[in-house]
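In the numbering used here, the protein residues as written are 181 to 337.
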């Protein structure tokens with residue numbers, strides 16, 4: 181039996197995304213959060229247990245342009261963990277794979293390599309450019325955006 185209804189497939193084709201509850205294992209998500217917080221430098225002013233410190237942007241002295249661990253402005257991208265067993269198990273669970281294969285077709289997903297090259301290993305696609313998302317042996321990693329507090333986000337950034 182296919183995991184998605186024809187209505188869900190149509191909604192995906194129309195909007196380009198689906199929001200599906202219960203797809204990710206909560207215990208693995210908690211471990212991924214632990215991994216993200218453990219990667220933050222010890223001298224960071226952001227503290228996991230103090231939500232008031234989560235508001236962005238990152239201070240200039242805490243920013244990192246390392247393509248494997250970007251902290252810039254409101255963006256936090258931990259790519260170095262993209263080929264670790266935890267992240268591969270989370271992203272390639274049987275539930276997620278069933279949905280992905282229904283939408284993309286069977287056999288269309290690249291197989292991840294535990295311990296392979298995470299996204300960002302090759303640096304930017306060109307000098308000053310973005311990291312090529314196709315150059316990875318795993319998943320993209322853990323991405324998050326820090327809260328904006330009371331700033332007006334309607335202005336283009």
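Note that the Cβ used here is the ideal one computed from N, Cα and C, for glycine as well. All figures in this text were calculated on a predicted structure; none of them were measured in a lab.
Note that the C-beta distance between residue 282 and residue 182 is below 8 Å.
DSSP places residue 274 in the uninterrupted alpha helix (DSSP H) bounded by 274–284. DSSP places residue 245 within a strand segment (E or B) once states are collapsed to three. Per DSSP, residue 256 is one residue of the beta strand (DSSP E) stretching across 255–258. Shown here, residue 304 sits in a strand according to DSSP, grouped into three states. The C-beta of residue 251 has 16 or more other C-beta atoms within 10 Å across all chains shown, which makes the residue buried.
In the DSSP assignment, residue 250 is bridged to 245 and 257. The beta-carbon distance between residue 247 and residue 311, rounded to whole angstroms, is 5 Å. This is short enough to meet the 8 Å contact definition.
Cβ atoms of residue 325 and residue 254 come within 8 Å of each other, at about 5 Å. Your pair residue 293 and residue 318 checks out as a contact, with CB atoms roughly 7 Å apart and the cut at 8 Å.
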